[in-house]
Each structure stands twice: as structure tokens, then as C-alpha cells.
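Protein chains in written order, with the working numbering: chain A, 209 to 472; chain B, 133 to 226.
Don't be surprised by glycine CBs; every beta carbon is placed ideally from N, CA and C.
What you are looking at is a predicted structure, and each value in this text was computed from that prediction instead of being measured.
Please read the structure below before turning to the comments.
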């Protein structure tokens, strides 16, 4: 067998860590993009309807890049579409936050802001990734995320510091979503491998800047940060998704489920 | 008090060197959100490099019923058009 190189175990592991990391990035934008798209035609005012649809489309566009690269890295011939439409709940690696239901408009916007605050920080760091493909995707996506966080942050402030009713709704949304924030900053072996290779920042390293942004906006929105330190987890590892993800997938994947292999 | 957000008129400059053009209107609670809404509603197909928004109530408009005194007198003043000059070819498009 002289001269034939077989991948070493450590190389294979590095590849699967990278695949896992790319799924996490792509599944976040896919699931949130789908959630936000559910507002299309239902938003409280026309301007918000279009703005939300724009955000959803930005996120789906980013998904194509992340999952496209994930399929490439995996090397099994799976496309971004295959990964989006032919996996089931336990294969998804998105944060629990993004699969939470839309609730009212306030809850949707608050979820968006909490995600955007993390996303823009993450993407900014990823523009310096040692992996040029990841740096390129992040460079394109960070411009979109910068606008998203500005828009969602301003809307959180407007509604939080708005009428008695809008304030109460935003506070209820914050109380509900707060336990899903901690998962963003919890690292595991995959994250360690990514940080070690200079591919991505350790999740813990994002906590201070992200929380500073979130706390500043919530203060201006006159909202009270819940006391609880409890953090839900299990989304990014795929071990414990909430019941909501399965329902979302039945909507998102119904066409491929009903007509397997259907194409345009 | 009205629950409606005020109306804003939106002007977009398509490219540098061209003036802003009125493209439409939208509702927004304040100027900053009007700017963001204008970005989302009117520049999603790469239409612009600059946005102006102005609250519609700040625009003074002529009254359609005044169109006789306002515009008809200029209809018969053909000498106001610079159409009696021969423009040299070198001048190019005017």
C-alpha cells in the first residue's frame, strides 16, 4: 500500500468538527429565516411586512452559503438543499432561541434582536477566520447583520419605551426568551476545536460584548432584565430541541416529504 | 390623537451626480424609522445610493384649482424657450 495516503483519525475528526460548526451557523439562519418568513403577509403594517421579508431572505441567503460549504466539507455529495430539506429534528444544530414561535410582533422582534446582537459579533470575528471560505461568507453576511441589529434594536426600544401595552408585551417577551440566551455562550468540544484552529471564536469570548449591547438596548427600552440565571440548552448540539422545531420542519419540508426528489 | 404613524415622502438618488427623485411614500413613527423603512421598501433592488425622507405635512403644495393662473400664462410665451439658437455640434447634448 506504499504511497497511498489514508486520512488520519485526527484529520477526519477535524473535518467533522468543521462540518458541525458550519451546520450550526447555517441552521441558525435557516430556522430563524423560516420563522421570520412566517410573517410574510401578516405583519401589522406594510412597511414592517416588507422589512421582515427582507430579513428572512437575507438569512436564507446566508444559509445557502453556510450549508453549501457544510456539504462541500462533508464530501458526501449533499447540497445545501439536501441539508435543509432532508434532515429531521435531531440533525439540526440551531440555537433553541431561533426555533421559538413568533408569538406577537414584539416577541418576534425581541427574538430577532437577541439573535442579531450575537450574530453581528460572531460574524465580525469570523471575518478574521483562518479559513478563507468562512471569512468570505462572514464578510458578506456581516453587512446584512449590521443592518438587522440596528433595525431590531431600534424597534425594541420603540416598543419597550412606547405605550403601556407595548411595554407590557415586550417585557413578557423578554421574560419568556431570556432563558434561551445562555446557549449562545456555551462552548463544547466542537467550539474548542474551532477556536484552537483559529477558525471561529470561543462562544464564551462573545458574551461580554454581546451582553453589553443587549443590556444597553434593554435599558433604553425601559425593560427589566429577568433575575433568572437558568439557561436552556440542547439546540446547538441537537440533543434536546424544543417541540416547536418539529412543527416548523413539517411546514418547511412538506414538499420534499410529500414529493420526494421534486425539483423546479 | 391618531394611532396612525405620520406619512413620509421618500426621495432616492439612483447614482452619484443625479438628483434625488420622488419614489413614493410610507408610514413611520419618526425620521430614523422612515429612513429604515425607505431602505427596506424602496431600495431592495439596488435602486439607490442616497435616501431623503420628509414628513409629508412639511411639503407645501400648489392647489390643482389654481392651475389656470399658475400655469396657463406660460403656455403662450414661446420666446422663453431657448429654441431660436443654432447649437454647434461641438457643444454636444444639452
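Taking buried to mean at least 16 other C-beta atoms within 10 Å of its own C-beta, is residue 214(B) buried or exposed?
That one is exposed.
Please identify the residue among 460(A), 246(A), 405(A) and 394(A) whose C-alpha is closest to the C-alpha of residue 221(A).
The residue with the shortest Cα to Cα distance from residue 221(A) is 405(A).
So residue 435(A) packs on residue 365(A), CB below 8 Å; how close in whole Å?
About 22 Å separates the beta carbons of residue 435(A) and residue 365(A), which is beyond the 8 Å limit, so they are not a contact pair.
Can you check whether the C-beta of residue 236(A) is within less than 9 Å of a C-beta belonging to chain B?
By the rule that beta-carbons nearer than 9 Å mark a contact, residue 236(A) does not touch chain B.
Is there a C-beta anywhere in chain B that falls below 9 Å from the one on residue 254(A)?
Residue 254(A) belongs to the set of residues whose beta carbon lies under 9 Å from a beta carbon in chain B.
Terminal residues of the beta strand (DSSP E) in which residue 155(B) lies
Start and end: 153-159.
If you draw a straight line from the alpha carbon of residue 141(B) to that of residue 255(A), how long is it in whole angstroms?
Rounded to the nearest angstrom, the two C-alpha atoms are 13 Å apart.
Rounded to the nearest angstrom, what separates residue 448(A) and residue 358(A) at their Cα positions?
Their Cα atoms are separated by approximately 31 Å.
Compute every distance between the C-beta of residue 388(A) and the non-hydrogen atoms of the ligand FAD, then say whether any falls below 8 Å.
No copy of the ligand FAD appears in this structure; indeed no ligand is present at all.
Would you mind reading off the limits of the alpha helix (DSSP H) that contains residue 377(A)?
For residue 377(A), the enclosing alpha helix (DSSP H) covers residues 372-385.
From 334(A), 345(A), 301(A) and 430(A), residue whose alpha carbon lies closest to that of residue 369(A):
With distances taken between Cα atoms, residue 369(A) lies closest to 430(A).
Would you call the CB atoms of residue 249(A) and residue 274(A) closer than 9 Å?
Judged by beta-carbon spacing, residue 274(A) lies beyond the 9 Å limit of residue 249(A), meaning their Cβ atoms are not closer than that value.
Could you tell me the distance, in whole angstroms, from the CA atom of residue 188(B) to the CA atom of residue 146(B)?
Whole-angstrom Cα-Cα distance: 21 Å.
Using a C-beta to C-beta distance shorter than 8 Å, which residues of chain A count as neighbours of residue 176(B)?
Per Cβ cutoff of 8 Å: 258 and 262.
So, at 6 Å on beta carbons, what are the nonlocal neighbours of residue 276(A) in its own chain, with the 5 sequence-adjacent residues on each side left out?
Excluding sequence neighbours, residue 276(A) sits near 288.
State yes or no: is the C-beta of residue 243(A) within less than 9 Å of the C-beta of residue 456(A)?
Judged by their CB atoms, residue 243(A) and residue 456(A) are nearer to each other than the 9 Å cut-off.
Just how far apart, CA to CA, sit residue 176(B) and residue 218(A)?
Cα to Cα, the separation comes out at about 45 Å.
Under a three-way DSSP split, which group does residue 300(A) fall into?
The DSSP-derived three-state label of residue 300(A) is coil.
Rounded to the nearest angstrom, how far is the Cβ of residue 411(A) from that of residue 394(A), given a contact under 8 Å?
About 6 Å separates the two Cβ atoms, so the contact holds.
Skipping 5 residues on each side, what residues in its chain have a beta carbon closer than 7 Å to that of residue 325(A)?
357, 418, 421 and 422.
Taking beta-carbon pairs under 7 Å, can you tell me which members of the region 361-380 of chain A lie near chain B?
So the list reads 362 and 366, given in the order they occur along the chain.
Pull up the distance between the alpha-carbon of residue 292(A) and that of residue 238(A), whole angstroms please.
Per the coordinates, the alpha-carbon of residue 292(A) lies some 8 Å from the alpha-carbon of residue 238(A).
Please say whether residue 461(A) and residue 303(A) have beta carbons closer to each other than 9 Å?
Contact: no.
Around the C-beta of residue 178(B), are 16 or more other C-beta atoms found within 10 angstroms, so that it is buried, or is it exposed?
When all chains shown are included, residue 178(B) counts as exposed.
Give the residues from the region 346-361 of chain A that approach chain B closer than 7 Å (Cβ to any Cβ), ordered along the chain.
Answer set for the region 346-361 of chain A: 359.
What does DSSP give as the partner residue(s) for residue 182(B) in the beta ladder?
Partner(s): 145(B).
Tell me which same chain residues have a C-beta within less than 7 Å of the C-beta of residue 228(A), skipping the five on either side of it?
Within the same chain, residue 228(A) has close Cβ partners 301 and 398.
Contact criterion: CB-CB distance below 9 Å. Does residue 160(B) meet it with respect to chain A?
Judged by the 9 Å Cβ criterion, residue 160(B) is in contact with chain A.
For residue 458(A), the three-state DSSP class (helix, strand or coil)
Under the three-state reduction of DSSP, residue 458(A) is assigned to helix.
Considering just the uninterrupted stretch of the alpha helix (DSSP H) at residue 313(A), what are its terminal residues?
Counting along the chain, the alpha helix (DSSP H) containing residue 313(A) begins and ends at 313-334.
Distance cutoff 9 Å, beta carbons only. Does residue 141(B) sit that close to anything in chain A?
No, residue 141(B) does not count as interfacial toward chain A.
For residue 136(B), does the three-state DSSP call read helix, strand or coil?
If DSSP states are grouped into helix, strand and coil, residue 136(B) belongs with coil.
Out of 143(B), 135(B), 203(B) and 159(B), state which residue places its alpha-carbon closest to the alpha-carbon of residue 152(B).
Cα-wise, what sits closest to residue 152(B) is 143(B).
Residue 164(B) at chain A interface by Cβ criterion, 9 Å:
By this cut-off, residue 164(B) is an interface position.
Closer than 9 Å to chain A by CB, residue 173(B):
At least one chain A Cβ lies under 9 Å of residue 173(B).
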